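**Q** Let me give you the structure first, and then I'll get to my questions.
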Amino acid sequence: MLHQKEVFQTLRRLKTWLRSTMTEDRLLGLALLHIHRDIDVDIQKIIDRFASKKKKPSDRYHTLKYLFVQLNSDLKM
Numbered sequence: 224m225l226h227q228k229e230v231f232q233t234l235r236r237l238k239t240w241l242r243s244t245m246t247e248d249r250l251l252g253l254a255l256l257h258i259h260r261d262i263d264v265d266i267q268k269i270i271d272r273f274a275s276k277k278k279k280p281s282d283r284y285h286t287l288k289y290l291f292v293q294l295n296s297d298l299k300m
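Numbers given in the working numbering equal positions in the sequence shown, counted from 1, plus 223.
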């Protein structure tokens, strides 16, 4: 688990890097991915789930966010 100071430093770096196009949802997703980077994931499982979801480009972000939440819940089981 990251220490609180490291979390805020990471958040500051993410905000600086993506400030011009950042939304709060996107920032939250990136922060969660960074904080939980030590979790091993099955990439093929992610690809399969992503491919089975909505096809419109505007829906891809929300699909990825949903997949991350689902993957997180699968790992906790």
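Glycine residues also receive a C-beta, built at the ideal position from the N, C-alpha and C atoms. Note that the structure is predicted; figures quoted are calculated from it, not measured.
1. Using a Cβ distance threshold of 8 angstroms, determine whether the segment 229 to 240 contacts the segment 259 to 278, with at least three qualifying pairs required.
2. Could you say which of R260, D261 and S275 lies nearest to Q267 if we only look at CA atoms?
3. Following the continuous alpha helix (DSSP H) through H257, name the residue where it begins and the one where it ends.
4. Taking only beta-carbon positions, decide if T246 is within less than 9 angstroms of chain B.
5. Helix, strand or coil for I269? Go by DSSP, reduced to three states.
**A** On the basis of the supplied data:
1. no
2. Position 44 of the sequence shown, counting from 1, holds the residue named residue 267. For the residues R260, D261 and S275, the minimum Cα distance to Q267 belongs to S275.
3. Start at 1 with the first residue of the sequence shown, and residue 257 comes out as number 34. H257 -> alpha helix (DSSP H) spans E247 to I258.
4. In the structure shown, chain B does not exist; there is a single protein chain.
5. Along the sequence shown, one-based indexing puts residue 269 at 46. The answer is helix: DSSP assigns I269 an H, G or I state.
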